[in-house]
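Note that this note's numbering numbers the sequence shown so that position 356 is 356, with each residue one more than the last. The block underneath contains the structure these notes are about, expressed in structure tokens.
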Amino acid sequence: MTPAFHYKNGRLYCEALDLHAFSREVETPFYIFSKSELENNCRQINEMGKGLSFLPCYAMKANYNPTLLTIIRDMGLGADVVSGGELQFALKVGFDPQKIVFAGVGKTKEEIELAMKTGIHSLNIESAQEFELVADLAGTHRQKVRIALRVNPDIEAHTHAYISTGKHINKFGIPEREAEKLYLKAAENPWLEVAGIHIHIGSQITTSGPFEDASKFMREFAERLKKQGVPITFLDLGGGIGINYHNNFKKDEPTTYIKDILPVYLEGLKSPGMELVLELGRAVVGSAGILVSKVLYQKETPQKKFLIVDGAMNNLIRPSLYQAYHEIVPLMDRYKSSQVYDVVGPVCETGDFLARERSLPPIPAGEYLAVVGAGAYGQALASNYNLRPRIAEYLVDGEEVRTIFKQETIEDIFNRFER
Ligand SMILES: *Cc1c(COP(=O)(O)O)cnc(C)c1O
1 MTPAFHYKNG
11 RLYCEALDLH
21 AFSREVETPF
31 YIFSKSELEN
41 NCRQINEMGK
51 GLSFLPCYAM
61 KANYNPTLLT
71 IIRDMGLGAD
81 VVSGGELQFA
91 LKVGFDPQKI
101 VFAGVGKTKE
111 EIELAMKTGI
121 HSLNIESAQE
131 FELVADLAGT
141 HRQKVRIALR
151 VNPDIEAHTH
161 AYISTGKHIN
171 KFGIPEREAE
181 KLYLKAAENP
191 WLEVAGIHIH
201 IGSQITTSGP
211 FEDASKFMRE
221 FAERLKKQGV
231 PITFLDLGGG
241 IGINYHNNFK
251 KDEPTTYIKD
261 ILPVYLEGLK
271 SPGMELVLEL
281 GRAVVGSAGI
291 LVSKVLYQKE
301 TPQKKFLIVD
311 GAMNNLIRPS
321 LYQAYHEIVP
331 LMDRYKSSQV
341 YDVVGPVCET
351 GDFLARERSL
361 PPIPAGEYLA
371 VVGAGAYGQA
381 LASNYNLRPR
391 IAEYLVDGEE
401 VRTIFKQETI
411 EDIFNRFER
């Protein structure tokens, strides 16, 4: 099978769409997604859970475009939400409430009540005080709530500090001992249905080691709770499976680490009657999208060469925020030489870059490049900084391409203000 993004006669294609020709017809920068890559990622995840009681959820925060959400829903995945807003989006696009899990360190009373009213798969509680609030609300409304506690297993995810979440220095989850006490307390409360254990140790994890540690932790903790009479029926393993940000579309290599990591993780936990829940964001949508940007200028100082492009940190903040690496490739692969460049945007911040010290062909002004693996945490983290509009998103399905997010206009932004 031809990979979704591939070169043909030196031109980059998304499925059957010639991206260079397309870029000349529309405004740049833009995000463009491959439906087949998105479906393929969902399919791979589903296949890994064959024969298990399995609920893979999509972590909506990675990208909440409703068209993409609908495709993911149609592929049978549930939704992992971290705010009332995400819960409302999930319901609007028709996710089955029974396939929605809700985590987050700072849920408000209103968000908890919305989740209760909706009747979701589980509310994942992240602190002792939140536990008390949920117990109070359940009692007051005389409505049973299905809960899990998010436990902080103090596991090193070996990823960037800003996306590591499972250590005791992180704000997420409840330390094991405290969680154990809360489980026992919850088991006594008639309004709480204690059903699961939740962990999420971090993001962009590319080796199975941290997940082996996490599996072991979950197994032992569930065992200990069961012995004390706490009926655990599901384990929510969180997300965090990484993608291949080094893919240059030149050879057919895996775009995600789903197949390398997921079987190890699930294997360690399968046991009769136990449902395994996942919350994958990046692994679902990350490799399905790229950011296409036009070179505006080349510029040289005595020490550096710059490619100044029209995409910037307000469109894709990952390089600036997490020192994240994204491969950068030309849409027309016709260059013989390369140079070391910083690829920077027009935003007035030194931290505005898409790549640093990168060996790239000398793409001239007016030509295009693609930032690889931009489908997750790209547009979702975009802002209007420097009064730059949020850019268009397109979806490719075979030869067809359609707009799934219309680029904002300055008028749109202006009109949002009260004057
Ligand atoms: C962000 C997040 C995820 C998804 O992380 P990915 O690395 O995108 O898979 C899953 N669960 C929770 C609780 C999260 O905060």
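Idealized CB from N, CA, C, for every residue including glycine.
Query - N-terminal and C-terminal residue of the alpha helix (DSSP H) that residue 68 is part of - result: 66 to 74
Query - Residue span of the alpha helix (DSSP H) that contains residue 198, given as start and end - result: Careful: residue 198 lies outside any alpha helix (DSSP H), inside the beta strand (DSSP E) at 192 to 198.
Query raised in the report: Excluding the five sequence neighbours on either side, which residues of its own chain have a C-beta within less than 6 angstroms of the C-beta of residue 503, listed in chain order?
Result: Nothing in the structure corresponds to residue 503, since the chain is present only between 1 and 419.
Query raised in the report: Over what stretch of residues does the beta strand (DSSP E) that includes residue 298 continue unbroken?
Result: 289 to 300
Query - Residues bridged to residue 415 [DSSP beta-bridge criterion] - result: Paired residue(s): none; residue 415 is not in a bridge.
Report task. Given a cut-off of 8 angstroms, decide if residue 405 and residue 63 are closer than it, judged by their beta-carbon atoms. Result -> no
Query - Distance cut-off 7 angstroms: residue 203 Cβ against heavy atoms of ligand 1 - result: yes
Query raised in the report: Where in the region 9 to 41 do unbroken runs of the alpha helix (DSSP H), each at least 4 residues long, occur, reported from the N-terminal end onward?
Result: 19 to 25
Requested in this report: Go ahead and label residue 204 buried or exposed: buried means 16 or more other beta carbons lie within 10 angstroms of its beta carbon, across all protein chains shown.
Outcome: buried
Query raised in the report: Within this structure, are the beta carbons of residue 169 and residue 182 separated by less than 8 angstroms?
Result: no
Requested in this report: Give a single yes or no on whether residue 378 has its beta carbon closer than 7 angstroms to a heavy atom of ligand 1.
Outcome: no
Report task. Please confirm whether residue 374 and residue 31 have their CB atoms less than 8 angstroms apart. Result -> yes
Query raised in the report: Relative to ligand 1, is the shortest distance from any of its heavy atoms to the C-beta of residue 370 smaller than 7 angstroms?
Result: no
Query - For residue 333, three-class secondary structure by DSSP - result: coil
Query raised in the report: Using the C-alpha atoms, what's the distance from residue 185 back to residue 131?
Result: 10 angstroms
Report task. May I ask which residues mark the beginning and end of the beta strand (DSSP E) holding residue 237? Result -> Segment: none, residue 237 is in no beta strand (DSSP E) and carries neither H nor E.
Requested in this report: Would you be able to state if there are at least three C-beta pairs under 8 angstroms between the region 272 to 279 and the region 298 to 317?
Outcome: no
**Report entry** Any non-hydrogen atom of ligand 1 within 7 angstroms of residue 200 CB
**Finding:** yes
**Report entry** Alpha carbon of residue 105 to alpha carbon of residue 126, nearest angstrom
**Finding:** 5 angstroms
Query raised in the report: Would you say the beta carbon of residue 280 comes nearer than 7 angstroms to a heavy atom of ligand 2?
Result: With respect to ligand 2, the structure shown offers nothing to examine, as its ligands consist of ligand 1.
Query raised in the report: Between residue 84 and ligand 1, is the CB less than 7 angstroms from at least one heavy atom?
Result: no
Query raised in the report: Just to check, is the beta-carbon of residue 429 closer than 7 angstroms to a non-hydrogen atom of ligand 1?
Result: The structure shown does not extend to residue 429, since the chain spans only 1 to 419, so no value can be given for it.
Query raised in the report: Would you call residue 121 buried or exposed, if buried means 16 or more other Cβ atoms sit within 10 Å of its Cβ?
Result: buried
Query raised in the report: What are the boundary residues of the beta strand (DSSP E) that residue 393 is part of?
Result: 393 to 397
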